[in-house]
Every structure is written in C-alpha cells, then in structure tokens.
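J.: If you scroll down you'll find the structure; I have some questions about it.
As structure tokens, then:
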C-alpha cells in the first residue's frame, strides 16, 4: 500500500506544475491580446 501511495502525490505535483505553467501561458497570451487591442485602439484614435 505505501508503495502505491507514493507515486500518487508525485503525479498530482506534476499535474499541478503543468496546470501552473498552462495558466501562466494562457495569462501571457491574454495579456498579449490585450496589448494588441490597446495598440489598435490608440492607432484608431490617433
């Protein structure tokens, strides 16, 4: 039983790390899109 219990938290940790990475990537992508929108708006106003 303890042998089976050990890999489970490791997998969970890896999954959480992957989730954090994907969240960071999605956030950066979202920010990039926002910046693009802001640039478009400024160009339209100017």
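Numbering (the numbering used here), first residue to last: 1116 to 1161.
C-beta atoms are modelled at their ideal positions from N, C-alpha and C, and glycine is treated no differently.
#1: Can you give the Cα-Cα distance for residue 1130 and residue 1157, rounded to whole angstroms?
#2: Three-state secondary structure (DSSP) at residue 1161?
#3: Report the rounded CA-to-CA distance for residue 1141 versus residue 1134, giving the unit in angstroms.
T.: In short:
#1: 40 Å
#2: coil
#3: 10 Å
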